[in-house]
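Below is one structure; the comments refer to it alone.
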Amino acid sequence: MDAAVSEPTATTGQDRSGQHDLVARSWALQNKLYRRILSADPADPDAPVRLFAEGFQQIVARLPALERATRSLVYNLTVKAVFDPLRREREPNLHTRMRGIRGHMITNPSDYLSLIAAAHPDTWVAPVRANGIAVDERLLLVPGPPTPDQRPTAWLCRDPDLVMEHCDLWWETQRQAVPIREVPGFIALTERQLEVAALLGQGAKDATIARRLGVSPRTVTYDVARLLDSFGVGTRWEGGMVLGRACPPGLAG
Numbered sequence: 001m002d003a004a005v006s007e008p009t010a011t012t013g014q015d016r017s018g019q020h021d022l023v024a025r026s027w028a029l030q031n032k033l034y035r036r037i038l039s040a041d042p043a044d045p046d047a048p049v050r051l052f053a054e055g056f057q058q059i060v061a062r063l064p065a066l067e068r069a070t071r072s073l074v075y076n077l078t079v080k081a082v083f084d085p086l087r088r089e090r091e092p093n094l095h096t097r098m099r100g101i102r103g104h105m106i107t108n109p110s111d112y113l114s115l116i117a118a119a120h121p122d123t124w125v126a127p128v129r130a131n132g133i134a135v136d137e138r139l140l141l142v143p144g145p146p147t148p149d150q151r152p153t154a155w156l157c158r159d160p161d162l163v164m165e166h167c168d169l170w171w172e173t174q175r176q177a178v179p180i181r182e183v184p185g186f187i188a189l190t191e192r193q194l195e196v197a198a199l200l201g202q203g204a205k206d207a208t209i210a211r212r213l214g215v216s217p218r219t220v221t222y223d224v225a226r227l228l229d230s231f232g233v234g235t236r237w238e239g240g241m242v243l244g245r246a247c248p249p250g251l252a253g
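Each residue of the sequence shown is one higher than the one before, counting from 1 in full-length UniProt numbering.
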């Protein structure tokens, strides 16, 4: 979920010891959460940590429910932001902005930040070592250990101490973050170019993309070149590698 933010401007001068402290605190929080997840009682409806969803498809499908449960604040830390070729982020992000929810995602630098900026324009960038989305300082959605068949899991934590630890990490990270559009190398992408990237990420050829979008092959060639520039690469093979990192297997179904 994205959101407009009206909080203090970020700075980038945090010293090395402060960064080391953030890393240590991030790992410590993740260890606490994992211990709580591994000891969670699935039969207890009032457990402070409960399974939210299993598998990319189910997790993404349930995120709108978390957006609807949000009243005013989002604290989103994401180690690796991904680009969903099905563009399922659009509706929750639109609702978040319309409702005036404050906060935003902070994620690590990557070679596909221009894609993330176009899909999640309110994102900020800084070193991030913990994953989680806290809403209203009362709920925390975090990744858990994979299932036996290696599907990802997401868990909902209601423990107030753990939720506030995450929120504190978000604020400390925010102090060294910069808006994604101010990151060196950022290239603005159009909605059509996002659609081209989405179709490329699903393995579509240029002719198929042109037909699906109702544009000329020359337009697709231009859009692909623009995407390659935004990735900082010169060949389609390299661009495919970047898209492979941006779109994890299983996300498109």
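Just so you know, even glycine gets a beta-carbon here, dropped at the ideal spot from N, CA and C.
For Pro145, does the count of other Cβ atoms within 10 angstroms reach 16, so buried, or fall short, so exposed? exposed
Going by DSSP, what residues sit across from Trp237 in a beta bridge? For Trp237, which the question treats as bridged, DSSP gives no partner whatsoever.
Please classify Ala3 as buried or exposed, where buried requires at least 16 other C-beta atoms within 10 Å of its C-beta. The predicted position of Ala3 is uncertain, since its pLDDT is 49 and thus under 50; a value taken from the coordinates is nonetheless stated next. Looking at its Cβ environment, which holds 16 or more other Cβ atoms inside 10 Å, Ala3 is buried.
At the level of alpha carbons, what is the spacing between His20 and Arg129? 11 Å
Inter-residue Cα distance where the pair is Gly234 and Gly185: 14 Å
With a threshold of 8 Å on Cβ separation, who are the neighbours of Cys157 within its own chain once the five nearest residues in sequence on each side are excluded? Leu33, Arg36, Pro48, Val49, Leu139, Leu140, Leu141, Val142, Val163
Exposed unless 16 or more other CB atoms sit within 10 angstroms - verdict on Met98: exposed
At 3 residues or longer, what runs of the beta strand (DSSP E) sit wholly inside the stretch 82-143? 102-107, 132-135
Distance, Leu227 Cα to Arg218 Cα: 14 Å
If you draw a straight line from the C-alpha of Val220 to the C-alpha of His120, how long is it? 23 Å
Determine the closest residue to Asn108 out of Gly203, Ala126, Arg87, Val242, with distance taken between C-alpha atoms. Ala126
Three-way DSSP call (helix, strand, coil) for Phe56 in this model: helix
Where does the unbroken alpha helix (DSSP H) through Thr70 begin, and where does it stop? Here Thr70 belongs to no alpha helix (DSSP H), and DSSP marks it neither H nor E.
State the DSSP-derived secondary structure class of Pro217, mapped to helix, strand or coil. helix
Out of curiosity, what's the CA-to-CA distance linking Val215 and Asp46? 53 Å
Which residues does DSSP pair with Trp170 in a beta bridge? None, per the DSSP bridge assignment.
Residues that Leu156 bridges to, as DSSP identifies them: Arg50, Leu141
Got a sec? Which residues, its chain only, sit under 7 Å from Asn131 by beta carbon, not counting five neighbours each side? Leu77, Thr78, Val79, Val142, Pro143
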